[in-house]
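To start, the structure itself, in structure tokens.
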Amino acid sequence: MSLLAIGWEPELRGLLTVIIGVVVLMGSIYMIMATNMGSRLSFLVTLTGLMGWMALMGATWWIYGIGLKGPEPSWAAIPGQTIIQDVPALRSAGALESLPDGYEDAPATEVHKLVEQQFFDEGYIKISAGDAAYGQAQAAASANIELDGALAAGQYEITEVFDIGGERFPLIANNQSLDFFAFFHKPHFTVVEVAPLIPVRTEPGRAPAIAEIDEAGQRQYVYMVRDLGAKRQPAVVLTIGGGAIFLALCYLLHRRERILKDNLSSAVATA
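As numbered in our numbering, residues 0 to 270 make up the sequence shown, in order.
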């Protein structure tokens, strides 16, 4: 009964899987080579082959972005500036350099149009609803606005997504297709416009009415910055680390062969 009480999933089972894999795969190779080269030399050769394989595998993961991966790119909240609930806060948060002209005297139904034009004037582009980037920004904005408590699910609708920045550099001859050495990026920002919905009264036994946007309501904005993540970082560390150890072990094998050759030649000369 004490044996059955052990939690095998997932810690012990994963640990045993790694131990068995090491013993069966690398241990079997080491055992076979030890019968021909001795325990110490076979261990060095086996470890060298393992490090070379790890370097090659890490390079493959690095190129294709597969295997052992780090955090994926995502839209990250800007602390204290993510949820913008009025137009003046757009400038104080840094989303706009200047406020749209005449927004204070404009009707409530026209304010968001003036803000949209100001976004265009300052270099923002509008992401279409069919673009994959629209869905990513929409999901991140929904999570942030509900986590903040400004609006609950079913009380708002994402209407527009504005995007700016994210250019890569340096480019070859300013050609976007020749970006082999464009390892640096400018900050990438997005502003998601959120429109409140008119409260819908539900009645038992009847389908809920279709929610409509409250045109006179204050539009809110979700200001986010792009986190590029570290998707290939584990593969890079594995490739560089495995490659460095592989080269060091190759040097040790080469040094051993030279010492052995010198010793054999000295023994022959003495005889």
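In this text, a Cβ means the ideal position worked out from N, Cα and C, and glycines have one as well.
Taking C-beta atoms as the reference points, residue 51 and residue 60 fail to come closer than 9 Å. With contacts defined as CB atoms closer than 9 Å, residue 161 and residue 211 fail to qualify as a contacting pair. The Cβ-Cβ distance between residue 82 and residue 222 falls below 9 Å. Residue pairing by DSSP puts residue 224 in a beta bridge opposite 75, 188. Taking the Cα positions, residue 133 is about 21 Å away from residue 149. The distance from the Cβ of residue 125 to that of residue 71 is about 25 Å, inconsistent with a contact at the 8 Å cut-off. Rounded to the nearest angstrom, the Cβ distance from residue 183 to residue 163 is 17 Å, too far for a contact under 8 Å.
Rounded to the nearest whole angstrom, the C-alpha separation of residue 231 and residue 239 is 12 Å.
Take the alpha-carbon of residue 260 and the one of residue 33: they are about 21 Å apart. Beta-bridge annotation (DSSP): residue 239 is not paired with any residue. Ranked by Cα distance from residue 246, the first of 43, 19, 16 is 43. Listed in chain order, the alpha helix (DSSP H) elements of length 4 or more contained wholly in the segment 125-183 are 131-147. With 16 or more other Cβ atoms from the protein chains shown falling within 10 Å of its own Cβ, residue 192 counts as buried. DSSP, reduced to helix, strand and coil, places residue 11 within a helical segment of the structure shown. Excluding its 5 nearest sequence neighbours in each direction, residue 75 has C-beta neighbours in its own chain below 6 Å: 224, 226, listed in chain order.
Residues 50, 53, 54, 57 of the same chain have their beta carbon placed closer than 7 Å to that of residue 241, with the five preceding and five following residues left out of the count.
Boundaries for residue 23: no alpha helix (DSSP H) harbours it, and the DSSP string shows neither H nor E there.
Looking only at 108, 73, 118, 63, the smallest Cα-Cα distance to residue 90 is reached by 118.
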